[in-house]
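Asker: Got a structure here, written out as structure tokens. Questions coming.
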């Protein structure tokens with residue numbers, strides 16, 4: 001039942017056993033998932049533990065190379081894309097989105113102010129969570145048919161209800177627009193852009209939007225909150241908001257680069273993305289570019305989570321402690337509390 005990928009040692013073995021017990025409680029005790037994989041990384045190495053099964057029909061235990069949908073963790077890679085373009089002085093956070101779209105569409109403005117790339121990356125553009133013309137043909141994969149024509153139709157007709165930059169409103173359409181605009185500027189689709197600028201430099205070979213046959217064979221089937229089979233989610237124009245699939249091992253690689261545990265040409269971009277820029281009074285947390293920055297007692301966590309119809313995910317790190325956590329689950333129930341218990345070593349709560 002136990003998978004460990006880490007240097008040897010009694011402390012490591014103890015941690016892996018504690019993680020195993022924590023995940024067993026989540027799957028068998030609380031019945032919140034069918035299969036879940038957790039990874040912890042620090043300067044000493046990684047511990048990766050999988051528990052459960054892929055589905056009712058497949059008793060295979062998920063592991064660090066099992067593929068899951070990561071949902072809104074995609075936004076952190078989208079914001080890292082932006083930060084990379086900014087740190088290389090190709091774009092600015094104050095670049096108006098309109099300038100990347102040309103005459104294809106009219107982006108809403110208000111009181112003479114334009115929505116910038118920085119506004120999109122910090123959820124302060126004034127755009128809503130979902131576009132007003134969001135009407136899925138298939139509720140089991142709600143983003144699949146929302147293409148660029150739908151996005152442009154929404155933008156051209158939408159009137160902002162608050163001043164740009166005035167407040168934080170979590171926006172899937174805003175992040176979808178950010179990914180779309182960056183890809184359009186580069187003359188590529190979103191997946192090609194994120195692959196060339198992030199995934200290939202970090203050798204994250206198991207992360208993709210469209211899965212190869214080999215990766216699809218490793219995809220854990222999704223399950224809803226009642227552990228019933230759930231369809232996979234596909235994205236078109238809003239890919240930058242949630243389209244990526246990945247593994248715990250690949251997400252640990254991304255996390256280690258963010259933490260400075262792995263050398264990367266992306267480090268300046270990642271540091272730019274971590275910097276606090278806005279406070280969300282409703283959550284009592286700060287926002288960087290994509291990342292959420294939260295204080296818990298005397299600790300500070302930089303994190304994001306994700307969910308689709310059949311999966312839940314978490315990625316985050318404590319900069320001062322030098323420790324990071326990734327959790328991927330093949331059910332829609334939140335894994336945030338699991339992550340917090342890993343950070344605080346609360347294995348008996």
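Numbering (this note's numbering), first residue to last: 1 to 349. Glycine residues also receive a C-beta, built at the ideal position from the N, C-alpha and C atoms. All of these numbers come straight from a predicted model, not from anything done at the bench.
Return the CA-CA distance between residue 52 and residue 250, expressed in angstroms with no decimal places.
Answerer: Distance between the alpha carbons of residue 52 and residue 250 is about 20 angstroms.
Asker: Please state if the CB of residue 237 and the CB of residue 150 are separated by a distance shorter than 8 angstroms.
Answerer: Closer than 8 angstroms, so yes.
Asker: Taking all protein chains shown into account, do 16 or more other C-beta atoms lie within 10 angstroms of the C-beta of residue 111, making it buried, or fewer, making it exposed?
Answerer: By the 10 Å Cβ count, residue 111 comes out exposed.
Asker: Going by C-alpha distance, which of 198, 145, 132, 113 is nearest residue 267?
Answerer: The shortest Cα separation from residue 267 among 198, 145, 132, 113 belongs to 198.
Asker: Is the region 115-126 touching the region 84-93 in the sense that three or more CB pairs, one from each, lie closer than 8 angstroms?
Answerer: With the cut-off at 8 angstroms, the region 84-93 and the region 115-126 touch.
Asker: Return the CA-CA distance between residue 322 and residue 133, expressed in angstroms with no decimal places.
Answerer: C-alpha separation (whole angstroms): 43 angstroms.
Asker: Per the DSSP calculation, residue 41 is bridged to which residue(s)?
Answerer: In the DSSP output, where bridge partners are listed per residue, residue 41 has 46, 324.
Asker: In chain order, what residues of the same chain have a beta carbon less than 7 angstroms from the beta carbon of residue 101, not counting five sequence neighbours either side?
Answerer: Here the set comprises 107, 181, 184.
Asker: So, using beta-carbon positions, are residue 143 and residue 233 closer together than 8 angstroms?
Answerer: Yes, the pair counts as a contact, with Cβ atoms nearer than the cut-off.
Asker: Assign residue 4 to buried or exposed, taking buried as 16 or more other Cβ atoms, counted over all protein chains shown, within 10 Å of its Cβ.
Answerer: Low per-residue confidence applies at residue 4: pLDDT is 40, beneath 50, and the placement is therefore not dependable, though the value from the model is reported in the following sentence. Looking at its Cβ environment, which holds 16 or more other Cβ atoms inside 10 Å, residue 4 is buried.
Asker: So residue 201 and residue 265 are supposed to be a Cβ contact under 8 angstroms. How far apart are they, rounded?
Answerer: Correct: roughly 6 angstroms between the Cβ atoms.
Asker: Mapping DSSP to helix, strand and coil, what is residue 268?
Answerer: Correct three-state label for residue 268: helix.
Asker: Taking the C-alpha atoms as reference points, what is the distance between residue 137 and residue 177?
Answerer: Rounded to whole angstroms, residue 137 to residue 177 spans 21 angstroms at the Cα level.
Asker: Ignore the nearest five residues each way along the sequence and tell me which others in residue 31's own chain have a CB closer than 7 angstroms to its CB.
Answerer: Only 227 meet the Cβ criterion.
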